[in-house]
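Line by line, the protein sequences are chains G and F.
Residue 97 in the UniProt record's numbering is what sits at position 97 of the first sequence, and the numbering runs on without skipping anything.
Residue 220 in the UniProt record's numbering is what sits at position 220 of the second sequence, and the numbering runs on without skipping anything.
Think of the CB as a built atom: it goes at the ideal place given N, C-alpha and C, for glycine as much as any other residue.
There are 2 protein chains.
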Amino acid sequence: MVELSVGQLHPSLDDPVLHSMNLLNDIAADHPRAVSFAAGRPYEEFFRVEQLHEYLETFFAHLTEVVGLTDKEARRTVFQYGRTKGVIHDLVARYLEIDEAITVDPDSVVVTVGSQEAMFLTLRSLRASPRDVVLAVAPTYFGLTGAARLLDMPVLPVGDADGGLDLADLERQVAAARARGQRPRALYLVPDFSNPTGVSLDQATRIALLDLAAELDLLIIEDNPYGLFQADPGTRPSTLKALDTRHQVVHIGSFAKTGLPGARVGFVVADQPVTRDGRPAGTLADQLSLIKSNVTLNTSPVAQAVVGGKLLRHGCSMVAANKREIEVYRANLRRVLAGLTWRFAATGPVTWNTPAGGFFVVLTVPFTVDDRSLRRSARDHGVIWTPLHHFHTGMTSSHQIRLSFSLLDNAAIDEGLDRLAAFVRAEIQAAPGRST
Amino acid sequence: MVELSVGQLHPSLDDPVLHSMNLLNDIAADHPRAVSFAAGRPYEEFFRVEQLHEYLETFFAHLTEVVGLTDKEARRTVFQYGRTKGVIHDLVARYLEIDEAITVDPDSVVVTVGSQEAMFLTLRSLRASPRDVVLAVAPTYFGLTGAARLLDMPVLPVGDADGGLDLADLERQVAAARARGQRPRALYLVPDFSNPTGVSLDQATRIALLDLAAELDLLIIEDNPYGLFQADPGTRPSTLKALDTRHQVVHIGSFAKTGLPGARVGFVVADQPVTRDGRPAGTLADQLSLIKSNVTLNTSPVAQAVVGGKLLRHGCSMVAANKREIEVYRANLRRVLAGLTWRFAATGPVTWNTPAGGFFVVLTVPFTVDDRSLRRSARDHGVIWTPLHHFHTGMTSSHQIRLSFSLLDNAAIDEGLDRLAAFVRAEIQAAPGRST
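So, in structure tokens, the structure goes:
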């Protein structure tokens, strides 16, 4: 009888990073009636089954009426195996132009199975030898760390200097890595409404980062799932890719938040020129496509058709497509911030940040937060959230809590914050020594 | 300005294996009017756009009426992020029971982005250290070899003894690998209507393989994309998984041929018990799920709903769902075999095998076949096919040609075989020295 031990399997399977998501899901599953500030999912009240049919119809009509395919060719495009780099790459490029002022050749876009596959392909391409490492602004989304673990690729944390980016630390970390014989390939970050902190880089830091990365000979992996969810009207800083005149930025996007998560469609823009034996050999996108053909072969053309249809119905603008959702996120962010003020103004040294959009707020509390605290919060107070140590590799606790508000209505926010306040009071009382 | 050389990227990107698919696609694209015996795609004439709508409706009705979800829960299942191991795992298990007499716990099924991701996840789990290698019956589907290359995992070829499996060679290769300090983890094969040879293992060889693998402490990775396409009524040998009483077999399946390729839905059954520190820790499927959550997160629930709906409309039998297609494949196989006899009976030593089903026939010719031969065939004779050396790593030529007949109608088969005969005659005349 075959029996395997974890020790006989890839070491990543014993790494806490790979277990974070499961552990958090387990706690959520054990407390189905808790109010959840945990899930980073898009608002779902506007989803309708008919939308799937409409999106598919719209995409087929586009293929026959605009692209000029015959009926048979259109069916082949959606039903059969497809182009490895995707079948909605042109629509993705239009969307980037319209919503993000990013101008790219559609041929440098690879449509992926969510942004997770985009991260995985990018890291696979850059991990050429055991010397290659990636840097990441910490706290770091654990999907990036997990992908790196699967590739045995070290992730070196770079300080976030209170939610921004510590450029001096970036320089130090690169120098230290090189002194150790490592080859830093890229810096990963979420410049807009970061997961987990919700914070955005200002325009000056973005420009300084591009200059420093050029000096350091470092690619930038810009992950942008939340960029369109700006709470307040006004100028949002440009994405790094929009500012990129030197092909420094690999831009990863997702339609999980703006399209629908169930399509699992994301993309990566990788317009870096590649040479082979000194001769031009396409772009990094072509190399990612080669890797993709051996990981997932294609991104489901059916799923791409659904997202393509949604794009087409809104003039390729996901801002337009998400008008109602953006209102919800904006209102929820305001309600959470106001609710925190109301409840914690008198509760000792509890603080939080004030993101300009996105899905997340980070609360800092005067006691240690670990997975046991989360279990207590779920069991005794009926509210769950995400301990921030899961975004710091190697840490098992911190003093911070991520609150996600994208999925909630007003009543849930109010009730959830009441429960959270009760939890915080109980923890402070239980650990008075720490409450200073 | 950033510029990358291939030498700075993962070494697999310089490996011919990763370029096979592209090279073959390029030749096909250069000759759009050639008759193609190259594409291993399912028959597409029965695809209808309405089917997508019907399948989705059927799946939603199943969720609400049979599973008992509320409307909101059903929408959440399809629109939101989903369970990492999939949302149609129970339907997959029913399908395996009905069509393949394989009985498995649905919880040991991981729904994947096609069988490609299933291969990738399985190899990732088994490549624990640089010692770990996988064996594969040669010629080998290049998706397996490509996935292994991405993981720096050597693939050791095992002889196929004229289309079967050379068990003595398997034993030799395992012993030789161990003598070199390697740790052979698994043997990969396609026991039914193999890609590329079309050949199937007989029942006795299957049973002997299971016994030998147990002796050798080797897992078996059974890839089964074509198993349902039996040409002649009668008893098909059991899948290895159906015969597996010792959890030796990791069974990989695909709905790309039986469902629709554009859904990109496959699966892996991995019911091997796993221990951690000597204590039970679920199954290998749970470990593959952990890996998957860092590669693609989920398989698109929308795409799964489409495949789930197709299964449900046919009582979870893909044999029933593919009644018309199976007729086409059967008729095409007969027509190709008869056409080869008709055209090559008098053309010197040209031989071919006689598969009992599937998509492929292999032709052996008395001249060297390489990618240049394929270009000549395409340019001068208007017919394309797949040189078999692409399925043998390290080889750049062979004397064999894979003919795929799944996508063709009678006229194309007849015209294509005429052109193929002209190509073969021309090659024999051009290289008389080799024609013996």
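Inter-residue Cα distance where the pair is residue i and residue j
i        : j        : result
G/ASP192 : G/ARG76  : 38 Å
G/SER397 : G/SER377 : 15 Å
G/ALA179 : G/LEU96  : 39 Å
F/ARG279 : F/ASP286 : 15 Å
F/ARG402 : F/THR112 : 27 Å
G/GLY309 : F/LEU187 : 43 Å
G/ARG246 : F/VAL137 : 47 Å
G/GLU215 : G/ALA208 : 11 Å
G/PRO349 : G/ARG419 : 18 Å
F/ALA118 : F/ALA321 : 23 Å
G/GLY394 : G/ARG127 : 22 Å
F/PRO130 : G/PHE142 : 26 Å
G/PRO387 : G/HIS53  : 39 Å
G/ARG434 : G/ALA168 : Its pLDDT being 47, under 50, G/ARG434 is placed unreliably by the model, and nothing is read from it.
F/ILE291 : G/ALA263 : 20 Å
F/THR436 : F/SER108 : Because the pLDDT at F/THR436 is just 38, under 50, the model does not fix this residue reliably, and the point stays unresolved.
F/ALA39  : G/PRO11  : 38 Å
G/HIS399 : G/GLU415 : 23 Å
F/GLU171 : F/LEU212 : 8 Å
F/PHE255 : G/PRO139 : 39 Å
F/LYS72  : F/PHE60  : 11 Å
Residue i at chain F interface by Cβ criterion, 8 Å
i                      : result
G/GLY114               : yes
G/PRO273               : yes
residue 437 of chain G : Given a span of 1 to 436 for chain G in the structure shown, any question on residue 437 of chain G remains unanswerable.
G/GLN248               : yes
G/LEU260               : yes
residue 500 of chain G : Because chain G spans 1 through 436 in this model, residue 500 of chain G falls outside it and cannot be assessed.
G/LEU240               : no
G/GLU215               : no
G/PHE359               : no
G/SER435               : Model confidence at G/SER435 stands at a pLDDT of 40, short of 50, so the residue's coordinates are unreliable; what they give is reported in the following sentence. By this cut-off, G/SER435 is not an interface position.
G/PHE405               : no
G/ALA303               : yes
residue 439 of chain G : The shown model of chain G, from 1 to 436, leaves out residue 439 of chain G, and the question about it has no answer.
Sequence-distant residues of the same chain with beta carbon closer than 8 Å to residue i, five excluded per side
i        : result
G/ARG334 : ALA231
Any C-beta of chain G under 8 Å from that of residue i
i        : result
F/ALA175 : no
F/GLN80  : yes
F/HIS89  : no
F/ARG124 : yes
F/LEU18  : yes
F/GLY181 : no
F/ARG206 : no
F/GLY309 : no
F/GLY146 : yes
F/ARG76  : yes
Cβ separation of residue i and residue j, assumed to be a contact under 8 Å, to the nearest whole Å
i                      : j        : result
G/ASN25                : G/VAL199 : Contact flag wrong, Cβ pair sits at about 25 Å.
G/ASP132               : G/ARG183 : 5 Å
G/LEU13                : G/VAL2   : About 17 Å separates the two Cβ atoms, so there is no contact after all.
F/ASP166               : F/VAL155 : 16 Å between Cβ atoms; not a contact.
residue 478 of chain F : F/GLN304 : A query on residue 478 of chain F cannot be resolved here, the shown segment of chain F reaching from 1 to 436 and no further.
F/ARG48                : G/TYR81  : Not quite, the Cβ-Cβ distance comes to about 18 Å (not below 8 Å), so this is no contact.
Own chain residues within Cβ distance below 6 Å of residue i, not counting five before or after
i                      : result
residue 465 of chain F : A query on residue 465 of chain F cannot be resolved here, the shown segment of chain F reaching from 1 to 436 and no further.
G/GLY358               : PHE193, GLY198, TYR226, PHE229
Residues near residue i by beta carbon distance below 7 Å, same chain, minus five either side
i        : result
G/THR351 : THR364
G/ALA431 : PHE367
G/VAL17  : PHE142, THR145, GLY146, ARG149, THR393
F/THR103 : GLU97
F/SER125 : LEU284, GLN287, LEU288, ILE291
Residues of the stretch 315-333 of chain F with a CB closer than 9 Å to any CB of chain G: list them in chain order, please. Answer in chain order: no residues at all.
Using a beta-carbon distance cut-off of less than 8 Å, what residues from the stretch 285-300 of chain G approach chain F? Listed in sequence order: GLN287, LEU290, ILE291, SER293, ASN294, VAL295, THR296, LEU297, ASN298, THR299, SER300.
What are the residues in the stretch 2-15 of chain F lying within 9 Å of chain G by C-beta distance? Those residues of the stretch 2-15 of chain F that come within reach of chain G (Cβ to Cβ, closer than 9 Å) are VAL2, GLU3, LEU4, SER5, VAL6, GLY7, GLN8, LEU9, HIS10, PRO11, SER12, LEU13, ASP14.
Which residues of the stretch 412-428 of chain G have a Cβ closer than 9 Å to any Cβ of chain F? Give them in chain order. Cβ contacts with chain F: none found.
Could you list the residues in the stretch 23-45 of chain G with a C-beta less than 7 Å from some C-beta on chain F, going in chain order? Within the stretch 23-45 of chain G, the residues whose Cβ lies closer than 7 Å to some Cβ of chain F are ARG41, GLU44, listed in chain order.
If you measure beta-carbon to beta-carbon, which residues of the stretch 148-173 of chain F are closer than 8 Å to chain G? Going along the stretch 148-173 of chain F in chain order, one finds ARG149, LEU150 with a Cβ nearer than 8 Å to chain G.
Going along the stretch 47-74 of chain F in order, which residues come within less than 7 Å of chain G, judged by CB to CB distance? Answer set for the stretch 47-74 of chain F: PHE47, VAL49, LEU52, HIS53, LEU56, PHE60.
Tell me which residues of the stretch 216-229 of chain G have at least one Cβ-Cβ distance to chain F shorter than 8 Å, keeping chain order. Per Cβ criterion, the list reads LEU219.
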